[in-house]
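K.L.:
Would you mind keeping the following structure in view while I ask a few things?
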Amino acid sequence: MIHINITDLWLSNYLCLLDVLAASQNNSNSGWETKAVEFFQDQLKERDTHTLVPSLNDVPLHYLKPNSLVKFRCLIQDMFDPEFYMGVYETVDPSTKTKMLRCGKYKDVTECGVDFNSRNTVTAERQTFYCVPIPGENPWVKEISSSCLTEARVVPSTSYAPSRQKRSYEEDDDMDTQPQKQREPHAGPHSPSEHHGNGDCKRQETEAPSSQTASASHLDLNFPLPGEKGPSCLVKVYEDWDRFKLNDTLEVYGILSVSPALSALADEKDASSSLLDPAESMETAEEQRVHSPPASLVPRLHMLHAKPLPHNNPLLPSIPVLDKESTLTVVILSSTLSEMASVREEILSYFTHVLLGDALAAEYLILHLISNVYSRRDVLPLGKFTLNLSGCPTVASYTERFYQIIQQLVPSSHYLAMSLQNMNQMRLVPKKDYVANRLVSGALQLARNTSLFLDETQLEQGQLDTTGVRNVTALGNLISWQKVDYDFNYHQMEFPCNINVLIASEGRSLLPSDCQIHLQPQVAPSHLEESLSSIHMHPQASSQLNKFRIYLSMARLLDYSISDEVTKSVEDDFVDMRKDDPQSISAEDLHRMLVVARLLSLSLGQTSLSRDSWLRAKHIEMLRRSRMEQHKCVNGNEP
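By full-length UniProt numbering, the letter at position 290 of the sequence shown is numbered 290, and the numbering carries on one by one without gaps.
Now the structure itself:
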C-alpha cells in the first residue's frame with residue numbers, strides 16, 4: 001500500500017507519508033525517515049518535476065493547502081536561536097487505548113492524546129531562519145518564474161476570495177469556517193514557540209482567537225528594501241544548518257504550516273507573559289511578537305531540501321555554470337558562447353542609444369554589468385568594477401529612465417536617490433535589536449549580484465548629519481571592499497557582499513569607484529528631450545530582451561584564466577609603457593587594465609585572455625583616459 005500511494009503523497013501530503021512510513025516500521029529504527037527524504041530529493045531531480053511544486057513567491061498563501069509541499073525563493077535575512085521539539089512521540093487512542101508512533105518532524109503542532117510518559121519520545125533540535133523574498137527582484141523575473149508554474153497544483157485552502165493576497169490578524173477568525181478536514185491537528189507541546197500543556201482539544205478545533213485585532217501593517221516583516229511585497233517565512237531547518245549563512249539566497253522546498261493554532265498560542269504566551277516573573281521569562285514580549293508572528297502573515301516552512309542559487313535569472317537553470325559535469329551546462333555553454341560575440345554587438349548598439357550616442361561609455365557599461373567578485377585576496381575583493389558615469393543630464397529624468405533600462409535587464413536591482421534627505425534618514429546598514437532579539441534589516445542587506453544604482457544627481461547642497469555621514473561611509477566601504485559593517489551596538493561585524501554599484505553623477509562622484517567615464521552625448525541639446533523620451537521604453541521584442549538577459553547573466557558566471565604566455569606578454573607591455581615616462585602608468589592603472597581585459601574577454605564569450613583582447617583593453621582604456629584628461633583641462637580641477 002505504501003508503494004502504491006507514495007508518489008501521490010510526496011506532493012499532496014508529505015506529513016501523511018511520514019506517518020505511514022513511521023507506523024509501518026513498528027517502532028524499529030530502520031532509517032525510514034532518511035529514505036523518505038531521499039525519495040523526495042530524487043523526485044526533484046526528475047526533469048521538470050520542480051514545476052509541479054507551487055511557489056510561495058507566485059501563489060497567494062490562501063491558495064496553498066496546509067501541510068503540502070511548496071518552494072520559496074528567498075534570502076536568509078536573520079537567524080534565530082535553535083529550538084527543541086518532539087522528534088518522535090506516541091499517541092494513545094482514548095477509546096481503544098491503541099498506541100501509535102508519530103513523527104514530530106516538519107510539524108508545528110502535535111496530535112491530541114500524546115503519551116508524555118512514553119519511552120519512545122525523542123526530543124530533537126532544529127534551527128529557524130527568517131527568510132524574505134530576494135530583495136530588489138525585478139518584475140520580469142517574477143513574471144517568468146510564475147509562468148513556469150502552470151502545472152503546479154494549487155487550490156484554495158480556505159474560503160477566502162481568490163483576489164485576497166494576505167490575511168490580517170483578525171481574518172484568522174475566518175479559519176473557523178473552513179471544513180474540519182482542512183484544519184491542522186490539535187496543539188501539543190513542541191518548541192518554545194509551541195503549545196505547552198494538553199488543553200481542551202475540542203475548544204482549539206472550533207474556537208478562533210478573539211484578541212487578534214492588529215493588521216498586517218502593525219507587523220514589520222523586515223524587508224531590506226522599502227515597498228517590497230511577498231511573504232516572509234520562518235524556515236525550520238533540521239540538519240546541516242551550519243552550511244547556511246546570513247544573506248545566502250536559496251530555493252527552499254518544504255512543508256507549509258499555516259496552522260491558526262500558532263496564532264492562538266502566541267496570544268496565550270502574550271497573555272501569560274504579563275503574569276510571569278521577568279526573571280523567569282526566557283523571552284521578552286517584543287521577542288515573542290517577532291519570533292512568533294501569525295502564521296497567516298508569516299507562514300512556517302519546514303525544510304526538506306534547499307539548493308543555493310548562484311543566480312536568480314529564470315531564463316537560466318539554477319545550477320552552478322562552473323559545474324562542467326552537468327550535461328545541461330555543456331549544452332547551454334556551447335549554444336550561448338557561440339552567440340555571445342554577436343549578442344554583444346546588439347547590446348552595445350542598444351546601450352549606445354541609451355547613453356545618447358556614446359559608444360565608449362556603452363562599452364564600459366557592458367563591462368560593469370557583467371562584473372563579479374570571483375575571489376578575495378586577503379581583504380581585497382577581486383573582479384569588482386564599480387563604474388562612475390559622470391556628466392549625466394539632469395533634465396527629463398534621465399537617470400531614472402536610465403535605471404529603468406537596467407531594471408529590465410538584470411534580475412535584481414535597486415535605485416537609491418542620494419538626496420540629502422535620504423542620506424540623513426535612511427537606514428542602510430542592518431542593526432541588531434537586542435530587545436526583540438532580531439536583526440533589523442537595512443537597504444544594503446542585498447543578495448549577491450544585485451545591481452545598486454546610486455543617483456548622485458539628486459544630491460543637493462546641505463549638511464550631512466551623523467546618520468548621513470555614516471551612510472555615505474557605508475556606501476564607500478561597500479564600493480571599496482565589497483563589505484557591509486552591520487551594527488551590533490557594542491561592535492561592528494563585517495559581512496562580505498558582491499554588489500554591482502553604478503554611480504550616476506554630474507561631476508566626479510564623492511564616492512570612490514574603480515572606473516570613471518564622462519558621458520559625451522552625441523545628441524544636440526535642442527534634441528535632448530526628444531532623444532530621452534524615446535529611450536523610456538525602447539521597442540525591443542521580448543525575445544530580444546531575453547537574449548540580453550541571458551547574455552549578461554552568462555557572462556558573469558563564466559570561468560576565466562590567463563596563460564603563462566599571455567602573462568609574460570602583459571608584463572613586457574607594462575615595462576615598455578613605463579620606459580619613456582614612468583609616471584604615465586601606475587600599478588593601479590595596470591590592475592584596472594587587467595580587470596577591463598578580463599571583462600572584455602568574458603563579454604565576447606572567451607574564457608581565457610588572448611593577445612587581441614589585451615590590446616583592445618589597452619585601446620579603450622587609452623581612449624577613456626584621454627577623454628578624462630580633456631574634460632579635466634576644460635573644467636579645471638574636476639577630472
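Cβ atoms here follow ideal geometry from the backbone N, Cα and C, with glycine treated the same way. Just so it is clear, the structure is predicted and the values come from calculations on it, not from any experiment.
Thr457 and Thr386 - do their beta-carbons sit closer together than 7 Å?
P.N.:
Position 386 of the sequence shown, counting from 1, holds the residue named residue 386. Position 457 of the sequence shown, counting from 1, holds the residue named residue 457. It is not a contact, given that the beta carbons lie outside the stated cut-off.
K.L.:
Would you mind sorting Phe488 into buried or exposed? The rule is 16 or more other CB atoms within 10 Å of its CB.
P.N.:
As a working mapping, residue 488 is identified with position 488 in the sequence shown. Exposed is the call here.
K.L.:
Where Met340 and Leu355 are concerned, what is the direct C-alpha to C-alpha distance, given to the nearest angstrom?
P.N.:
Here residue 340 refers to the residue found at position 340 when the sequence shown is read from its first residue. Here residue 355 refers to the residue found at position 355 when the sequence shown is read from its first residue. Each residue's Cα considered, the two are about 22 Å apart.
K.L.:
Helix, strand or coil, according to DSSP, for Leu256 in the structure here?
P.N.:
To locate residue 256, count along the sequence shown from 1; it is residue 256. In the structure shown, Leu256 sits in a strand (DSSP, three-state: E or B).
K.L.:
Starting from Arg126, trace the beta strand (DSSP E) both ways and give me its first and last residue.
P.N.:
Here residue 126 corresponds to residue number 126 of the sequence shown, with the count starting at 1. Element bounds for Arg126: 122-133.
K.L.:
From the DSSP output, in three-state form, read off residue 670 for me.
P.N.:
Lying outside 1 to 639, the shown extent of the chain, residue 670 is not represented and no answer is given.
K.L.:
Go through its chain and collect everything with a Cβ distance to Ala474's Cβ below 6 Å, but skip five positions before and after it.
P.N.:
Locating residue 474 in the sequence shown gives position 474, where the first residue counts as 1. Hits under 6 Å: Leu428, Val429.
K.L.:
What does DSSP give as the partner residues of Tyr415 in its beta bridges?
P.N.:
Taking the first residue of the sequence shown as 1, we reach residue 415 at position 415. Its beta-bridge partners are Phe453.
K.L.:
Would you report the Cα separation of Val588 and Leu262, rounded to the nearest angstrom?
P.N.:
Counted from its first residue, the sequence shown places residue 588 at position 588. Counted from its first residue, the sequence shown places residue 262 at position 262. Reading off the sequence shown, one finds Glu at residue 588, where the question assumed Val. C-alpha separation (whole angstroms): 58 Å.
K.L.:
I'd like the list of long-range same chain contacts for Met493, defined as Cβ closer than 8 Å, with 5 residues on each side in sequence excluded.
P.N.:
For this step, residue 493 is matched to residue 493 along the sequence shown. Excluding residues within five positions, the ones whose Cβ falls inside 8 Å are Asp485, Tyr486.
K.L.:
Would you check if the distance between the CB atom of Cys74 and the CB atom of Leu250 is smaller than 7 Å?
P.N.:
Locating residue 74 in the sequence shown gives position 74, counting from the first residue. Locating residue 250 in the sequence shown gives position 250, counting from the first residue. In contact: Cys74 and Leu250 (Cβ atoms closer than 7 Å).
K.L.:
For Glu339, name the three-state secondary structure that DSSP assigns.
P.N.:
Counting from one through the sequence shown, the residue named residue 339 turns up at place 339. If DSSP states are grouped into helix, strand and coil, Glu339 belongs with the helices.
K.L.:
So the beta strand (DSSP E) Ser375 belongs to, where does it begin and stop?
P.N.:
Stepping through the sequence shown from its first residue, residue 375 is reached at position 375. Unbroken beta strand (DSSP E) run through Ser375: 375-377.
K.L.:
Between Ile479 and the rest of its own chain, which residues show a CB-CB distance below 7 Å, the 5 nearest in sequence each way excluded?
P.N.:
Taking the sequence shown and counting its residues from 1, one reaches residue 479 at position 479. Closer than 7 Å at Cβ, skipping near neighbours: Thr386, Val501, Leu511, Pro512, Ser513.
K.L.:
Looking only at its own chain, which residues have a Cβ that is under 7 Å from the Cβ of Ser626, when we skip the five neighbours before and after it?
P.N.:
Residue numbering aside, residue 626 sits at position 626 when the sequence shown is read from its first letter. For Ser626, where only same-chain residues beyond five positions count, there are no Cβ hits under 7 Å.
K.L.:
Can you tell which of Glu83, Leu545, Ser613, Ile585 has the C-alpha that lies nearest to the C-alpha of Thr567?
P.N.:
For the purposes of this step, residue 567 is identified with residue 567 of the sequence shown, where counting begins at 1. Measuring C-alpha to C-alpha distances from Thr567 to each of Glu83, Leu545, Ser613, Ile585 identifies Ser613 as the nearest.
K.L.:
By Cβ distance below 7 Å, which residues in the same chain neighbour Asn546 in space, the five residues on each side in sequence not counted?
P.N.:
As a working mapping, residue 546 is identified with position 546 in the sequence shown. Annotation for Asn546: Leu315 place their beta carbon closer than 7 Å to its own, counting only its chain and skipping 5 residues before and after.
K.L.:
Does the Cβ-Cβ distance between Asn388 and Ile503 come in under 7 Å?
P.N.:
Translated into positions along the sequence shown, residue 388 becomes position 388. Translated into positions along the sequence shown, residue 503 becomes position 503. Yes. Within cutoff.
K.L.:
Rounding to the nearest angstrom, what Cα-Cα distance links Phe548 and Leu609 in this structure?
P.N.:
Reading the sequence shown from its first residue, position 548 is the one you call residue 548. Reading the sequence shown from its first residue, position 609 is the one you call residue 609. Near 23 Å, if we compare the C-alpha coordinates of Leu609 and Phe548.
K.L.:
Here's the rule: buried if 16 or more other CB atoms are within 10 angstroms of the residue's CB, otherwise exposed. What is Cys633?
P.N.:
By 1-based counting over the sequence shown, the position of residue 633 is 633. Flag for Cys633 reads exposed.
K.L.:
Quick check: what's the CA-CA separation for Pro411 versus Ser553?
P.N.:
If you number the sequence shown from 1, residue 411 lands on position 411. If you number the sequence shown from 1, residue 553 lands on position 553. So the alpha carbons of these two residues sit roughly 9 Å apart.
K.L.:
Contact between the region 366-385 and the region 596-609 is defined here as three or more beta-carbon pairs at a separation below 8 Å; is this criterion met?
P.N.:
yes
K.L.:
Helix, strand or coil for Ile517 per DSSP?
P.N.:
Start at 1 with the first residue of the sequence shown, and residue 517 comes out as number 517. In the structure shown, Ile517 sits in a strand (DSSP, three-state: E or B).
K.L.:
Going by CA-CA distance only, name the one from Ser338, Ser505, Leu380, Thr51 that's closest to Leu416.
P.N.:
What you label residue 416 is simply residue 416 of the sequence shown in a count that begins at 1. Checked all of Ser338, Ser505, Leu380, Thr51; the closest Cα to Leu416 is Ser505.
K.L.:
Between Pro82 and the rest of its own chain, which residues show a CB-CB distance below 6 Å, the 5 nearest in sequence each way excluded?
P.N.:
Taking the first residue of the sequence shown as 1, we reach residue 82 at position 82. Same-chain partners within the cutoff: Glu125, Gln127.
K.L.:
In terms of DSSP beta bridges, what is Glu90 paired with?
P.N.:
The residue labelled residue 90 in the question sits at position 90 within the sequence shown. Answer is Leu101, bridged to Glu90.
K.L.:
Return yes when the Cβ of Leu225 is within less than 7 Å of the Cβ of Ala443, no when it is not.
P.N.:
Along the sequence shown, read from residue 1 onward, the residue named residue 443 stands at position 443. Along the sequence shown, read from residue 1 onward, the residue named residue 225 stands at position 225. Yes, the Cβ-Cβ distance between Ala443 and Leu225 is below 7 Å.
K.L.:
If you reduce the DSSP assignment to three classes, tell me which class His50 lands in.
P.N.:
Numbered from 1 along the sequence shown, position 50 holds the residue referred to as residue 50. Looking at His50 - three-state DSSP - the assignment turns out to be helix.
K.L.:
Considering Cα atoms alone, identify which of Ser603, Leu528, Asp248 is closest to Ile550.
P.N.:
Your numbering for residue 550 matches position 550 in the sequence shown. When each option's Cα is compared against that of Ile550, the closest is Ser603.
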